[in-house]
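Position 1035 of the sequence shown, counting from 1, maps to 1035 under full-length UniProt numbering, and the rest follow consecutively.
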Amino acid sequence: MAAAILSSIISIASKLAAPIRGSSALNPFSCVEEDLKHLRRTLLRIQAVLNDAEVREIQDESVKLWLHELKSLANDADDVLDEYNYELLRIQIEGGTNSAPSSKRKRGEVIIPSSTNFSFTEGMADGIKEIRKRFDEIAKERDALHLREEDGERRFPTTWKPPPTSSIVDDSRVYGRKNEKRKLRELLLCSEDRFSVIPIIGMGGVGKTTLAQLVYNDSMVCEEFSTKIWVSVSEDFDVIRILKTIIKSTTSTSSSADDHTELDNLHCTLMKAVKGKRLLLVLDDVWNERPSLWEKIRAPLDHELTNSKIIVTTRNESVARIMQTVEPIRLGSLDEDYCWLVFKTYALERQGSIMIDAAPNLEAIGRKIALKCKGLPLAAKTLGSLLRFETDEERWKDISESELWHLFDDERNEIGPALSLSYHRMPAHLKQCFAYCSLFPKGYLFEKEYIVNLWIAQGYIRQDGRNSVEAVGGSYFDELVQRSFFQHSQLEAEVGKFVMHDLVHDLAKSISGSACVMIEDHKLSNLPEDVLHASLLASDYHRDIRLDSLKDPLRLRTLLIPRSNSLQKFGLHLEMQNDQFQNLKCLRAIDLSYSAIEELPDSVGELKHLRYLRLQNTNIRVLPESVCVLYNLQVLDFRHCYNLLELPRGIGNLTSLRHLILPILDDSHVCIPPGIGKLINLQTLPIFYVGHKCHCGIGELKDLANLRLRELRIVGLEKAIEEMNPDLKKMKNIQKVTLCWHSHSYEPCSYGGDTSFHDGPVGRQSGYSVSNRQGLAADKSTAASVLENLQPHTNISELVIRGYNGKRLPSWMGDRSFSKLVSVKLEFCNDKCAFLPPLGQLPSLRILSIGGMESLRRVGSEFCGRASDITKAFPALETLDFTEMWEWGEWCGIKDGEFPRLRELTISDCPKLCRLPGLPSPPVTQLELYECKALTAIPALPSLVSLKVWGECNFNIWSSSLDLPRLQYLQVSNSPRLRILHLHQSLNSLRVLRIENCSNLTAAVGLQYLSSLERLEICKCGQSMVSLDEKLASKTLVCFWPSDHLPRRSPTAVSFNKGPLRRVRVDVRDHDHLASKTQSPFLPLLLFFCRSLDLTMDSMVPFPVFTAQFPSLRSLFSHFQIARG
């Protein structure tokens, strides 16, 4: 790890010497160049012995102390050189007293400092000289320790590029666990009607989590349990967090969990959420030995769940004894052959096949390595990953015969040698990145982008001159994944995130030592001086974190609050003094996300080294102007900061800024001051708020034309001026462009304008500026010109236009040069826009959504925009959606061969559309019609598989001309005027018929034609008798749900008078209104030919009384829980 630090310092020293090298020899500070050159030579000598030192430190205390002192000095040197670099940046930006503005300089140009404008050079020169002397002393001690010289770098093959990783669980890579898997599955699928807890016990790295994952994703298990939940517990058995996770996984919204913090409230919410469900819950990696804590989880579940199961993975027998209701499954080590299979799979697999034949001599060596893994899959996987891209026999022998096996040998931790060996064989640049991750608690869900940006802030990423620093950092992260130090999260709700095995986390912690700490808030005052990175843990959810207890100067480089310790929105309150950061001047990264912070102290401007500032999901309203002297700042993240009013007026000075992430607000703006065009290194600007008068105009985007923006959303275009051309055509890296007009935007702002309209504190509740009212109402005559000037580069793949109020859409929208454009959305263009552009000429367009165009009356041939008779319209379109087109009455002008790939067509809230055009033999498979009252017919669609008709419709739609021979799914919903549903004889392929919320339906005619029907669903169809007197197919399952609004004694009756009807399912869950606890619901079911009845009842509703005739009934299944008193 020290090697990477020194490498960074060598690079910085070389770069910083360049400006001085070109300066005058008479410059009193030219001696700094000589010190920097001397420092570089010394560091290279030290770097050459670091590999030997990092191995010897394990047993040699003197080498360990030498390395500790070296790292400490290296960090001091980094601070001094970085301060020097800050001064160079300050000169570039401020330019002394009479320099040209920074926007006139070429990117990367360095201004040579002089004695007049380099105000702190003398003190820094002394600092560099002192650092150089201290490194000289370290170098002398190196010789006394007799450390062996190498080149300081471990060599790794680069000829083979690894394949992309996948998050899919691959059970083909799991060996030797068939018996355990079968036993666990049998316990889960057993018919015992009781709540069960099944522990899996085994040592770390033996595969407990993997076994649980295998069964969790087993197809038979998935069919058996209606709800599955996975909770990663780890050492912190946080009852509140676990309860909230279960609640969020069983409900469609998280608000029910976020709104409660009291245990009683959470218990009530949980009991309601799991009521009537068969649940599989996995509690992974449990360490809790306190029965009282487990009881707080068990009690509400045991009260509401029967025949539900909990799987618990743990290393501790006592934990299992506390929780188990059945005998645990004990996992032992793998057999030698199975362990070899795991190792071989990870070491020799190439593109899905094992390449042992290509390197036959490696098997004998590999088996020796696998034997040393002592049957632990994690050890075999980690070492296999280490050798995955290596076919050199000597490298394999080097691993097999390494002395590290003996140095780390510990009977209490059999996996330690394998993991430690894998770490020590890691390239130097990965070591510090890996160790830094110990800053986060066990079980933490890592986000790649977040971690990479933190590494960049610490200077851990080497730039290669070809790729961006973010791309290089991303490759570091991918390499750690490939080496199995990170694993893909298996939680469905956390796709794309990563976890670190507890044992791997222990290794990272042992390596980082005291440099990285997780500390509770009440211990902040005792933070050791040598701590470099600190994450703050609140001791409970209501406790304040008092940063003001950090009073002594510290060398902290990272200060953050891990997300997992602030589950409540704005749940942690921070106490800070205005001079808070004066004692934390070494900070490179700050993350105060999910706290209740509303403002930062002015002293944040003291943080010259700061690269990363994240305030996501906070109450922050404004930033102090002092932020604008943080010339090293690279990331400023305000995601979900919905109270943010404005950016400081000097934001344009932050020329190192690469990522400016503002909140996306639908009904208001963040005021952006002029000068954003000076941010010459900006790569991410997800949203740009157009300013008015004193604020940032859209024209400033022109200065960002060559940046690497991937997505750009421009909001507030009603304030744009026609003459301001942002020249988006030059932004060739943008893939998605969103252009938004708002009719109700306002800009509370404290600079450059009249603020007298603010009534009380500045906030989102303030009124509009009287002086700006006319500016906020955009001139409709300029809207078309503004949009015409917003033509993006032809490389874009997605385009969204929202709220546009011009008369016509721009001509460029149908230009065939947009050959990569695959998705277009036109939303709420509802004022004057009455014509569609020739979108049919876009050759790659696959998704088209048009909504809210209230003035559009006709869609004709102009929509297709044929350039010639040879060109066919919409050659690639697959999904077409029209929504809220209130005046649209005619769709015509389609020729043969057009729309050849259309699969999905949705028409919603188009009440005047009378007919659909004849789509010439398209393979349309899905048609959805919502509230299309005037539509009288459905054209012949021979490939249609799914049809949904929702709301009132013209009943002629079900006429005899209906030709849908391949239709498999038909849903008729929310049609209260529908009394008789006529089913056409062409529907002989129909498999599912769902009739929902048709309150006056009395009969469905034509069921005898549905020879393929497998499922008939009648859902909430009112009080009337629904007569199904025609013969159903013998395989049909009939499902019946009563209405939500039935009187207690008048539920719907359903009669099936003709057979052979074999199965009926009745579901009356969540219908407590059907009966009181003393009165059973009355369900008249006339099932003369029914052989099987499946009844599902709410747990609080007593067993019903049937007025039914079941002469053919052979089996009755009931699923309900007796209500507890």
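Beta carbons are placed, not taken as given, at the ideal position from N, Cα and C, and that holds for glycine.
All values derive from a computational prediction rather than experimental measurement.
A contact between stretches requires three or more CB pairs, one per stretch, nearer than 8 Å, and the segment 271 to 288 meets this requirement with the segment 227 to 235.
Here the C-alpha atom of Ile-894 lies approximately 8 Å from the C-alpha atom of Gly-918.
Residue pairing for Phe-135: DSSP places it in no beta bridge.
With 16 or more other Cβ atoms inside 10 Å of its own Cβ, Gly-473 counts as buried. Annotation for Leu-89: the continuous alpha helix (DSSP H) segment containing it runs 61 to 94. Under DSSP, Gly-851 shares a beta bridge with Glu-827, Thr-883.
According to DSSP, His-982 shares a beta bridge with Val-1005. For Thr-313, the enclosing beta strand (DSSP E) starts and ends at 309 to 314.
Contact check for Val-215 against Val-206 fails: the beta carbons are separated by 8 Å or more.
Distances from the alpha-carbon of Ala-534 to those of Ile-247, Arg-298, Thr-345, Cys-437 put Cys-437 closest.
Sixteen is the threshold: since fewer than 16 other Cβ atoms of the shown chains lie within 10 Å of the Cβ of Lys-140, the residue is exposed. Shown here, Cys-641 sits in coil according to DSSP, grouped into three states, outside any helix or strand.
For Tyr-612, the enclosing beta strand (DSSP E) has its first and last residue at 612 to 614. Burial check for Asn-467: the Cβ neighbour count within 10 Å stays below 16, so the residue is exposed. Assignment of Pro-965 by DSSP, reduced to helix, strand and coil, places it in the coil class.
Distance from the CA atom of Arg-979 to the CA atom of Ser-999, rounded to whole angstroms, is 8 Å. Arg-241 sits in a helix when the DSSP states are folded into three classes. Going by beta carbons, Val-239 and Lys-296 fall inside the 8 Å limit.
Under the 10 Å beta carbon count, Gly-691 is surrounded by 16 or more other beta carbons and is classified as buried.
A direct Cα-Cα distance of roughly 9 Å separates Lys-381 from Cys-373. Lys-374 sits in coil when the DSSP states are folded into three classes, being neither helix nor strand.
Per DSSP, Met-271 is one residue of the alpha helix (DSSP H) stretching across 263 to 274.
Each residue's CA atom was taken as its position, placing Met-813 and Trp-455 some 41 Å apart. Cα atoms of Lys-523 and Glu-575: separation of roughly 14 Å, rounded to the nearest angstrom. When C-alpha distances from Ser-514 are compared across His-984, Thr-925, Tyr-689, His-68, the shortest belongs to His-68. When only Cα atoms are considered, His-982 and Val-1005 end up about 5 Å apart.
Here His-146 is exposed, its C-beta having fewer than 16 other C-beta atoms within 10 Å.
In this structure, DSSP gives Phe-835 a state outside helix and strand, which the three-state scheme calls coil. Excluding residues up to 5 positions away in sequence, Gly-897, Glu-898 lie with their Cβ nearer than 6 Å to the Cβ of Lys-872 in the same chain. In this structure, Ser-986 sits near Asp-963, with a CB-CB distance shorter than 8 Å. For Leu-587, the CB contacts under 8 Å within the same chain, skipping 5 residues up- and downstream, are Leu-556, Arg-557, Thr-558, Leu-559, Phe-581, Leu-607, His-609, Leu-610 in chain order.
Restricting attention to Ser-196, Leu-293, Gln-324, the CA atom closest to the CA of Arg-278 is found in Ser-196.
In the DSSP assignment, Pro-300 is bridged to no other residue. For Glu-520, the uninterrupted beta strand (DSSP E) run begins and ends at 516 to 520, by DSSP. Residue ranges of uninterrupted beta strand (DSSP E) with 3 or more members, entirely inside the segment 695 to 742 and ordered along the chain, are 711 to 715, 736 to 740. When rounded, the separation of the alpha-carbon atoms in Arg-1015 and Gln-968 is 11 Å.
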